[in-house]
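Note that the sequence shown ends on residue 378 in our numbering; no numbers are left out.
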Amino acid sequence: MATSESDGLLMTEEVVIQQCKKHHGYSTPELNRNIYLNHLGLMNISSLNAFHQCRVLYLNNNAIDNLEGLHPLQNLHALYIGNNAIRNCKSFPMLPSLRLVDISSNFIESLEGLSSIPNLETLLASRNRVRNLRGVEGNRKLMTIDVSKNAIEREEDIVPWILEMEGLRSCMFQGNRFVTSMQSYRKKIIAWVPSLRFMDQCPVFPEERSCAEAYAQGGTRAEKAQRDENRRQEEQERRRQFEFFGSQRQEARESRTPRAQHAPIPPIMTITICSVYMCQTVWDVCKKLDTSVGSVAPCRTTAEKQPVAHARAR
Numbered sequence: 065m066a067t068s069e070s071d072g073l074l075m076t077e078e079v080v081i082q083q084c085k086k087h088h089g090y091s092t093p094e095l096n097r098n099i100y101l102n103h104l105g106l107m108n109i110s111s112l113n114a115f116h117q118c119r120v121l122y123l124n125n126n127a128i129d130n131l132e133g134l135h136p137l138q139n140l141h142a143l144y145i146g147n148n149a150i151r152n153c154k155s156f157p158m159l160p161s162l163r164l165v166d167i168s169s170n171f172i173e174s175l176e177g178l179s180s181i182p183n184l185e186t187l188l189a190s191r192n193r194v195r196n197l198r199g200v201e202g203n204r205k206l207m208t209i210d211v212s213k214n215a216i217e218r219e220e221d222i223v224p225w226i227l228e229m230e231g232l233r234s235c236m237f238q239g240n241r242f243v244t245s246m247q248s249y250r251k252k253i254i255a256w257v258p259s260l261r262f263m264d265q266c267p268v269f270p271e272e273r274s275c276a277e278a279y280a281q282g283g284t285r286a287e288k289a290q291r292d293e294n295r296r297q298e299e300q301e302r303r304r305q306f307e308f309f310g311s312q313r314q315e316a317r318e319s320r321t322p323r324a325q326h327a328p329i330p331p332i333m334t335i336t337i338c339s340v341y342m343c344q345t346v347w348d349v350c351k352k353l354d355t356s357v358g359s360v361a362p363c364r365t366t367a368e369k370q371p372v373a374h375a376r377a378r
């Protein structure tokens, strides 16, 4: 493996192939879709011409100080290059297929240069030294941005650029000084970005959005009126659902099939039927007994019994 003068590992094709094999990849460069080059102490980005089919590249936790050398990866979809020594994004090459960039935990002071990524959807740039959002105005498809724990100090450092993010759905700003100095920070951001659904680890519900938009238009009084209206609508919806389920239960009771279709039998009739059944049963038993006894010893008639009686009299 080649090393620099400061004993840092240089990225070569041999090093990349070895890491591909280590992570169950291929020795043929163009067959590798995911390349894991993290935690190697790499000093630069180079020798990637043969890996032009790469989709996901992991370069986090190295010692890389610039973004040069990524231009062969025209099919790259996601780049993870956090925890390095990058100071700016101006050396970012044109990568039309790139959707996600993770440059968190570096020394970046400006986001200028990201406009060379026209289809960027997710930007993770927390724990840097970013002072404003200048440089992302060209990323019209940006949906998620995380610039938490940076050096943004004023409201004016985000307003001109965040208003142009028409499709933004999630943003992270906590950890910047302007969050505490900006009055009604959360309400204003929600009102400025109609498409926002998640902000600073908390979802943006429709009720909160309606109150924020009312505040932006008429202040606290309009916000209070909108909040009361939301409560009234919530109570009305609760009652509607309660009545709906009540009607459903009533319909279920009425449509339920009865267990007995005929009228119940009166008690007297029940006793009579049972008596007749018992008499019939006793009669059948007696009949069977009489038949069985007659077959063994037939009963003698009265005429046959009289001579015996006369003999006893004599």
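The beta-carbon is built from N, C-alpha and C at its ideal position, and this holds for glycine as well.
Everything numeric in this text was worked out from a predicted model, so none of it was measured.
Inset, instruction - Would you kindly work out how many angstroms separate the C-alpha atoms of SER155 and LEU101, rounded to a whole number? - result: The straight-line gap from Cα to Cα measures roughly 20 Å.
Inset, instruction - Entirely within the segment 110–164 and at least 3 residues each: give me those beta strand (DSSP E) ranges in chain order. - result: 120–122 and 142–144
Legend entry - Neighbourhood of CYS118 by C-beta distance below 8 Å, restricted to the same chain and skipping five residues each side: ASN96, ARG97, ASN98, ILE99, LEU112, LEU137, ASN139 and LEU140
Legend entry - PRO182 (DSSP reduced to helix, strand or coil): coil
Legend entry - Residue environment, CYS275, which counts as buried when at least 16 other CB atoms sit within 10 Å: buried
Inset, instruction - Report yes if the C-beta distance between ASN240 and ASN214 is below 8 Å; otherwise report no. - result: In this structure, ASN240 places its C-beta atom within 8 Å of the C-beta atom of ASN214.
Inset, instruction - Could you have a look at LEU187 and say whether DSSP puts it in helix, strand or coil? - result: In the structure shown, LEU187 falls within a strand segment according to DSSP collapsed to helix, strand and coil.
Inset, instruction - For GLU287, count neighbouring Cβ atoms within 10 angstroms of its own Cβ and tell me buried if that reaches 16, exposed if not. - result: buried
Legend entry - From SER179, LEU188 and HIS103, residue whose alpha carbon lies closest to that of ASN125: In this structure, HIS103 is the residue among SER179, LEU188 and HIS103 with its C-alpha nearest to the C-alpha of ASN125.
Inset, instruction - Thinking ALA379 and GLU277 are a contact (beta carbons under 8 Å), I'd like their distance in whole angstroms, please. - result: The structure shown does not extend to residue 379, since the chain is modelled only from 65 to 378, so the question has no answer here.
Inset, instruction - State the beta-bridge partners of ILE222 as determined by DSSP. - result: For ILE222, which the question treats as bridged, DSSP gives no partner whatsoever.
Legend entry - DSSP-derived helix/strand/coil call for VAL79: Three-state DSSP puts VAL79 in a helix.
Inset, instruction - Please state if the CB of ALA127 and the CB of GLY72 are separated by a distance shorter than 8 Å. - result: yes
Legend entry - Spatial distance of GLU271 from ALA189 (CA atoms): 30 Å
Legend entry - Close-in-space but distant-in-sequence residues of the same chain around ASN192 (CB under 6 Å, 5 per side omitted): ASN170, ILE172 and ASN214
Legend entry - For ILE209, the residue or residues it bridges with in DSSP: LEU187 and CYS235
Inset, instruction - Provide the residue(s) that pair with PHE262 in DSSP beta bridges, ordered along the chain. - result: SER234 and PRO267
Legend entry - Residue span of the beta strand (DSSP E) that contains TYR100, given as start and end: 98–100
Inset, instruction - Please determine, among ARG273, GLU201 and PHE309, the residue with the shortest C-alpha to C-alpha distance to ASN294. - result: ARG273
Legend entry - Nearest-angstrom Cα separation, counted from TRP225 out to GLN247: The alpha-carbon separation between GLN247 and TRP225 amounts to approximately 19 Å.
Inset, instruction - Leaving aside the five residues before and after GLY146 along the sequence, list all residues of the same chain whose C-beta is less than 6 Å from its C-beta, in chain order. - result: Take GLY146, set aside five residues on each side of it, and the residues of its chain with a beta-carbon closer than 6 Å to its own are ASN124, ASP166, SER168 and SER169, in chain order.
Inset, instruction - Closer than 7 Å by C-beta to ARG218: which residues in its own chain qualify, once you throw out the five before and the five after it? Chain order, please. - result: Answer for ARG218: PHE242, listed in chain order.
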